Amino acid sequence: MKQLSDLKGYQIFNHSAVKTCLWLKKSLKDEGVCYKQKFYGIESHRCLQMTPALMCNQFCVHCWRPLELLKEFRGWDDPERIVEESIKAQKRLLSGFYGTEGVNRKKLAEAEKPNQVAISLLGEPTLYPHLPELVECYKSRGFTTFLVTNGTKPEMVEIVEPTQLYISLVAYDEGSHLALNRPQKSYWN
């Protein structure tokens, strides 16, 4: 598992993972920023992209994300541990930028103190049963929280309170849902 995760640039801890996004990298080199910075003032270089669930309840035909990263499930981690480990993982990922030419050193130092979390890396985050507590743990540290979900767990969507919530709506009817999302079970109704 470690070789696969290293190959793809993921930092994995149990059922969670962190990976630097394209816009963080571009921002560090002053080559552009994410729409979240343009529209909401969230600095791209201070955004931590993560997932608390290296698993998904669908196998969407359009998904490019690797779901083979979770080889062994050892039970759910505590939200506080996930926050701590995700920040450490982000720092490990950023350490490689210190030798990279063209990196804005001021931004790199700021990037080691993330203040925005994008819970959108891969998998379906609402499968993590302590997601509301995880969001609150990040918020208690001054983070804004951005959550992307496929919406198949409405009971979780109702209780989680991120700064921003995005629900991916791919299908227009049950037939297209089954064909495009290829769910483990139908979540249409």
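In the working numbering, the protein residues as written are 3 to 191. Note that the Cβ used here is the ideal one computed from N, Cα and C, for glycine as well. Note that this is a predicted model, so its numbers are computed, not measured.
**Q.** Opposing strand residues paired with A19 [DSSP bridges]
**A.** To locate residue 19, count along the sequence shown from 1; it is residue 17. I14, T53, per the DSSP bridge assignment.
**Q.** Alpha-carbon spacing of L133 relative to I89, whole angstroms
**A.** Counting from one through the sequence shown, the residue named residue 133 turns up at place 131. Counting from one through the sequence shown, the residue named residue 89 turns up at place 87. Approximately 17 angstroms, taken between the alpha carbons.
Q. Closer than 7 angstroms: is that where the CB of K31 sits relative to any heavy atom of the ligand ATP?
A. Only the bare structure without any ligand can be found here, which leaves the ligand ATP out of the picture.
Q. Are V194 and L182 closer than 8 angstroms when you measure CB to CB?
A. Look at the range of the chain in this structure, 3 to 191, and you will see that residue 194 is not part of it.
Q: With distances taken Cα to Cα, identify the nearest neighbour of Y42 among G177, E157, T146.
A: Your numbering for residue 42 matches position 40 in the sequence shown. Ranking the options by Cα distance to Y42, first place goes to T146.
Q. Are the beta-carbon atoms of I84 and S18 separated by less than 8 angstroms?
A. As a first step, residue 84 is located in the sequence shown; it is residue number 82 there, counting from the start. As a first step, residue 18 is located in the sequence shown; it is residue number 16 there, counting from the start. Cβ distance < 8 angstroms, so I84 and S18 count as in contact.
Q) Where does F148 fall in DSSP's three states? A) Taking the sequence shown and counting its residues from 1, one reaches residue 148 at position 146. The answer is strand: DSSP assigns F148 an E or B state.
Q: Go to V119, then tell me how far its beta strand (DSSP E) extends in each direction, as first and last residue.
A: Sequence index remark: in the sequence shown, residue 119 carries index 117 (1-based). It spans 118-121 - the beta strand (DSSP E) in which V119 sits, taken as one unbroken run.
Q: Assign Y130 to one of two classes, buried (16 or more other C-beta atoms within 10 Å of its C-beta) or exposed (fewer than that).
A: Your numbering for residue 130 matches position 128 in the sequence shown. With 16 or more Cβ atoms within 10 Å of its Cβ, Y130 is classed as buried.
Q) Count the other CB atoms within 10 Å of the CB of E103; is the residue buried (16 or more) or exposed (fewer)? A) Along the sequence shown, one-based indexing puts residue 103 at 101. Label assigned to E103: exposed.
Q) Among W25, K38, N16, which residue has its Cα nearest to the Cα of Q166? A) Reading the sequence shown from its first residue, position 164 is the one you call residue 166. Nearest C-alpha to Q166: K38.
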